Structure formats: structure tokens, C-alpha cells
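Just so we're aligned: 7 in UniProt numbering is position 7 of the sequence shown, and the numbers increase by one with no gaps anywhere.
A virtual CB, placed ideally from N, CA and C, is assigned to each residue, including glycine.
Note that the coordinates shown come from a computational prediction; the quantities given were computed from them, not determined experimentally.
Reading through the C-alpha cells given below for one structure.
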Amino acid sequence: MLKFILRRIVIMIPQLFLLSILVFLLAKAMPGDALTGRLANNPKMDAQTLAEMKEKLGLNDPPYVQYVRWIKNLMQGDLGISYIHQQPVTDLLSERIGNTLLLSACILILSYIIAIPLGIVSGRWTNSLADKLIVGYSYLSFATPLFIFALLMLFVFGFILGWFPTGGSVNIQVEKGTVDYYISKINHLILPSLSGALLSTVGTIQYLRNEIIDTKIKDFVKTARAKGVPESRIYSRHILRNSFLPIAAFLGYEITGLIGGSIFLESIFSYPGIGQLFLQSIMQRDYSVITALVMISGLATLLGTLLSDIILSAVDPRIRIE
Numbered sequence: 001m002l003k004f005i006l007r008r009i010v011i012m013i014p015q016l017f018l019l020s021i022l023v024f025l026l027a028k029a030m031p032g033d034a035l036t037g038r039l040a041n042n043p044k045m046d047a048q049t050l051a052e053m054k055e056k057l058g059l060n061d062p063p064y065v066q067y068v069r070w071i072k073n074l075m076q077g078d079l080g081i082s083y084i085h086q087q088p089v090t091d092l093l094s095e096r097i098g099n100t101l102l103l104s105a106c107i108l109i110l111s112y113i114i115a116i117p118l119g120i121v122s123g124r125w126t127n128s129l130a131d132k133l134i135v136g137y138s139y140l141s142f143a144t145p146l147f148i149f150a151l152l153m154l155f156v157f158g159f160i161l162g163w164f165p166t167g168g169s170v171n172i173q174v175e176k177g178t179v180d181y182y183i184s185k186i187n188h189l190i191l192p193s194l195s196g197a198l199l200s201t202v203g204t205i206q207y208l209r210n211e212i213i214d215t216k217i218k219d220f221v222k223t224a225r226a227k228g229v230p231e232s233r234i235y236s237r238h239i240l241r242n243s244f245l246p247i248a249a250f251l252g253y254e255i256t257g258l259i260g261g262s263i264f265l266e267s268i269f270s271y272p273g274i275g276q277l278f279l280q281s282i283m284q285r286d287y288s289v290i291t292a293l294v295m296i297s298g299l300a301t302l303l304g305t306l307l308s309d310i311i312l313s314a315v316d317p318r319i320r321i322e
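Printed below as a string of C-alpha cells:
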């Protein structure tokens, strides 16, 4: 297992290098430059001042010189300066990444709490009324766009009923660290978390349902029934244990997918996370923030893939990756 992890980490190095080249080229291919967004916010800036700033920031250097400088800074943990917010990108991300990770964790936990029982019921009692209702819910969730469902949730439970806040991550009037602060934090998380969880359950439900149906007809299950093993024990010890393998295998992919999908939720619910920051940076052409976020997302995807392989080899004793 240790050799496998080390080998995968070594393979990640050239992958990150290729990703950095692609991110840099795409950023250079975008219209304008790193000062375009700042110029749009300050139309009084004259051409001479703009030219001096470009020279000072090294934007007139050849692309390969800019790339080498960017990579050196990146390896030292320096993600650059946000041209819009006028502060280091690391400080800007540190203020928001905690909110995104918290939101993603809540969505993941809620989606499993909803999906696993539904998948077990649907797989165990196939073609029953409950199974048909759960399958219908899965199809409806799969066909519903996230941004439309989130807008509907916000409109109904936020504006009409007024049960939850319609924006932000915490009430600015409460003092940080108090009980009211954490209650407000949870209250702001409920609506976006439910919106994301209710639509992200479809994959888990279908995988679990199909695995249970396939496992029920396996020879070792028939043998257990022939020996008189109670049905409840057959499901808990044999069927469910094997059916959870695909869920564990896709855990890493789901984590990275939630982080990427938070762009829509954070924008709709005005939740201050890196997803909302990424969308704002694209609109304002804040290149240093865009490149940093894309690199972080790429690294998270590679780590999620590694995590999935590790979990799969750990939960299934038949798999030995050396």
C-alpha cells in the first residue's frame, strides 16, 4: 500500500506540471490582461500609468519568463496579488476556503444520510411501491438543474416562508465565537446544503440499488440462505458489505465534485466561498486568483482520485494494490 501511494504521488508531479502549463496558456489566451479588470473599475486611469504598471508587474516580459516566475512563486506558496482586491491571494483564499469546505462537508454528509437508506430500501424491496417512488425521485433529481432547484429553494424557504437567511455565511451582528455565532452559522448552511444534497443523492442511490440487486443473486448469498442464515444477517454481513464498495470507491470523486459544484450554490445563496470568488474573478478578470483556484482544483482532483483508490483497497480485502 505504501509503495502504491508513493508511486501515485510521484506520478502526480508531471500531471501538476502539465496542468500548470495549460492553466497559464488559457489565462494568457483570455482577452485583456491582468490589469483589465482594474482598469474597468477605474476608468480615469490614463494610458501612461497603465503602461508603467504593466512594466512594473512584468506583464511585458515574454510568456516563458512570466511562466517561470509564476511557477517559482507558486512553489514557494506565493499565489500572487489580487489586482481587484489589492491583497495577497493566499489571504483572500484563507478567508473563504473554510466556508467552501464546510459547505461541501455538510452536503456530502446530508447526501449520504438521505441516499444510503433510500438505496438500501430500493435494492432490498425491488419493484415495490417504495422502490418505484425512490427511482422516480432519482430520475427527477438527475433531470433537475442545480441552479434552478437552488433558486426555487431560495425563493420558497428564504423569501416566501422566511425560514432561512437568503445570503451570507453568518449574521454580521453576532460576535464571533459565541453560541449565537455558531447557531447563525448553522442556520446559513441549512438551505444551500439541502439544495446540494437533495440533487447529489442520485448517483449513490442508483449505485447502491444496483449493487444490492446484483449481489442478491450471487452464489455465496444463495449458499448462506441454504444454510439457514437469517435474512437480516445475510443483508448486513454479505449483501450490504459488498454493495458499499462502489460508494467507497467514488468518495474521493464526490468530494472534488462538490467543491467544483459549489460555484452555483455559493453564487445563488451569496455564500462567501471560493466558488463565488472564482466566478467574480472571471467576471473581473482577476487572473492571479483564477489561476490559483484552477491549480487548487486540479490538485484537489488528483488527491480525490488517490483517496478513492486507497479507500477501495482498504475496504475490500480481495484487492491488493502493490
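query = Around the C-beta of E322, are 16 or more other C-beta atoms found within 10 angstroms, so that it is buried, or is it exposed?
reply = Walking along the sequence shown from the start, residue 322 turns up at place 322. With a pLDDT of 48 at E322, under the threshold of 50, the modelled position of that residue is not reliable, and no figure is offered here.
Closest Cα partner of S104 within the set E211, G273 and M295 = Start at 1 with the first residue of the sequence shown, and residue 104 comes out as number 104. Comparing Cα-Cα distances from S104 to each of E211, G273 and M295, the minimum goes to G273.
task = Identify every residue that forms a DSSP beta bridge with P88.
result = Position 88 of the sequence shown, counted from the first residue, corresponds to residue 88. Paired residue(s): I81.
task = Output the boundary residues of the alpha helix (DSSP H) element that contains E211.
result = Residue 211 sits at position 211 when you count from the first residue of the sequence shown. Where E211 is concerned, the enclosing alpha helix (DSSP H) stretches over V202 to K216.
inquiry  = Taking a contact to mean a Cβ-Cβ separation below 8 Å, would you say K185 touches V202 in this structure?
reply    = Working through the sequence shown from its first residue, we reach residue 185 at position 185. Working through the sequence shown from its first residue, we reach residue 202 at position 202. Taking 8 Å as the Cβ cut-off, K185 and V202 do not qualify as a contacting pair.
inquiry  = Tell me the rounded alpha-carbon separation between G228 and T204.
reply    = Locating residue 228 in the sequence shown gives position 228, where the first residue counts as 1. Locating residue 204 in the sequence shown gives position 204, where the first residue counts as 1. About 31 Å.
task = For R225, I'd like the list of residues in its chain whose CB is within less than 7 Å of its CB, leaving aside the five on either flank, ordered along the chain.
result = As a first step, residue 225 must be located in the sequence shown, where it is residue number 225. Closer than 7 Å at the Cβ level, and outside the excluded window around R225, lie I234.
inquiry  = Judging by CA-CA distance, which residue of L299, D91 and L146 is the nearest neighbour of F17?
reply    = Within the sequence shown, numbered from 1, the residue matching residue 17 stands at position 17. Nearest of L299, D91 and L146 to F17, Cα basis: L299.
message = Given this structure, state the Cα-to-Cα distance separating F24 from I247, to the nearest angstrom.
response = One-based indexing of the sequence shown puts residue 24 at position 24. One-based indexing of the sequence shown puts residue 247 at position 247. Answer to the nearest angstrom: the Cα atoms are 35 Å apart.
message = Extract the residue ranges of the beta strand (DSSP E) inside the stretch 136-191, only unbroken runs of 3 or more that lie entirely within it.
response = none
ask   = If you count every other CB in all the chains shown that lies within 10 Å of the CB of T100, and 16 or more means buried, which is it?
value = By one-based count along the sequence shown, residue 100 stands at place 100. Label assigned to T100: buried.
query = Count the other CB atoms within 10 Å of the CB of G80; is the residue buried (16 or more) or exposed (fewer)?
reply = Here residue 80 refers to the residue found at position 80 when the sequence shown is read from its first residue. So G80 ends up on the buried side.
Span of the alpha helix (DSSP H), counted from its first residue to its last, around R241 = In the sequence shown, the residue the question calls residue 241 occupies position 241. L240 to S243 is the span of the alpha helix (DSSP H), which, as asked, contains R241.
query = Of the choices Q284, I160, I113 and L140, whose alpha-carbon is the least far from that of A197?
reply = Taking the first residue of the sequence shown as 1, we reach residue 197 at position 197. The option with the nearest alpha carbon to A197 is I113.
message = I need the straight-line Cα distance from S82 to P88, nearest angstrom please.
response = Your numbering for residue 82 matches position 82 in the sequence shown. Your numbering for residue 88 matches position 88 in the sequence shown. Cα-Cα distance, rounded: 6 Å.
query = By the 10 Å Cβ neighbour count, where 16 or more other Cβ atoms means buried, how is V156 classified, buried or exposed?
reply = Against the sequence shown, residue 156 aligns to sequence position 156. It counts as exposed.
query = Which residues mark the beginning and the end of the alpha helix (DSSP H) in which Y64 is found?
reply = Within the sequence shown, the letter at position 64 stands for residue 64. Its alpha helix (DSSP H) spans residues P63 to M75.
inquiry  = Could you check whether Q276 and E266 sit closer than 8 Å to each other, using their CB atoms as the reference points?
reply    = Taking the first residue of the sequence shown as position 1, residue 266 is located at position 266. Taking the first residue of the sequence shown as position 1, residue 276 is located at position 276. Yes, these two residues count as a Cβ contact at 8 Å.
task = Helix, strand or coil for N99, going by three-state DSSP, please let me know.
result = Taking the first residue of the sequence shown as position 1, residue 99 is located at position 99. Residue state, collapsed to three classes: helix.
query = Relative to the alpha-carbon of F142, which residue among D286, T166, F244 and Q206 has its alpha-carbon at the smallest distance?
reply = The residue you call residue 142 lines up with position 142 of the sequence shown. Minimum Cα distance to F142 is reached at Q206.
task = Thinking L110 and S232 are a contact (beta carbons under 8 Å), I'd like their distance in whole angstroms, please.
result = Translated into the one-based positions of the sequence shown, residue 110 becomes position 110. Translated into the one-based positions of the sequence shown, residue 232 becomes position 232. About 27 Å separates the two Cβ atoms, so there is no contact after all.
request  = Have a look at L26, I9, H85 and M12 and flag the residue whose alpha-carbon is nearest the alpha-carbon of D286.
outcome  = As a position in the sequence shown, residue 286 is number 286, starting the count at 1. Among L26, I9, H85 and M12, the Cα nearest to that of D286 is on H85.
task = Using 10 angstroms around the beta-carbon of W125, count the other beta-carbons present and answer buried if the total reaches 16, otherwise exposed.
result = Counting from 1 along the sequence shown, the entry for residue 125 is found at position 125. So W125 counts as exposed.
ask   = Looking at the structure shown, is D219 part of a helix, part of a strand, or coil, going by DSSP?
value = Here residue 219 corresponds to residue number 219 of the sequence shown, with the count starting at 1. Helix, per DSSP.
query = From this set, L74, I296, V289 and D219, which residue's C-alpha is nearest L92's C-alpha?
reply = Your numbering for residue 92 matches position 92 in the sequence shown. Ranking the options by Cα distance to L92, first place goes to V289.
message = For K216, tell me which candidate among S195, N242 and I97 has the shortest Cα-Cα distance.
response = Here residue 216 refers to the residue found at position 216 of the sequence shown. Checking every option, the nearest Cα to that of K216 belongs to N242.
key: Supposed contact pair F149 and S195 - C-beta distance, whole angstroms, cut 8 Å   = Locating residue 195 in the sequence shown gives position 195, counting from the first residue. Locating residue 149 in the sequence shown gives position 149, counting from the first residue. Right, their Cβ atoms sit about 6 Å apart.
request  = Let me know the secondary structure DSSP gives A126 once reduced to three states.
outcome  = Sequence index remark: in the sequence shown, residue 126 carries index 126 (1-based). The identity of residue 126 in the sequence shown is Thr, whereas the question assumes Ala. Reduced to three states, the DSSP call for T126 is coil.
task = Using three-state DSSP, classify Y285 as helix, strand or coil.
result = By 1-based counting over the sequence shown, the position of residue 285 is 285. Inspection of the sequence shows that residue 285 is occupied by Arg rather than by Tyr. Three-state DSSP puts R285 in coil, outside helix and strand.
message = When you compare the CB positions of L146 and L199, do they come within less than 8 Å of one another, or not?
response = To locate residue 146, count along the sequence shown from 1; it is residue 146. To locate residue 199, count along the sequence shown from 1; it is residue 199. Yes, these two residues count as a Cβ contact at 8 Å.
key: R233: first and last residue of the uninterrupted alpha helix (DSSP H) it sits in   = Taking the first residue of the sequence shown as position 1, residue 233 is located at position 233. Unbroken alpha helix (DSSP H) run through R233: E231 to I234.
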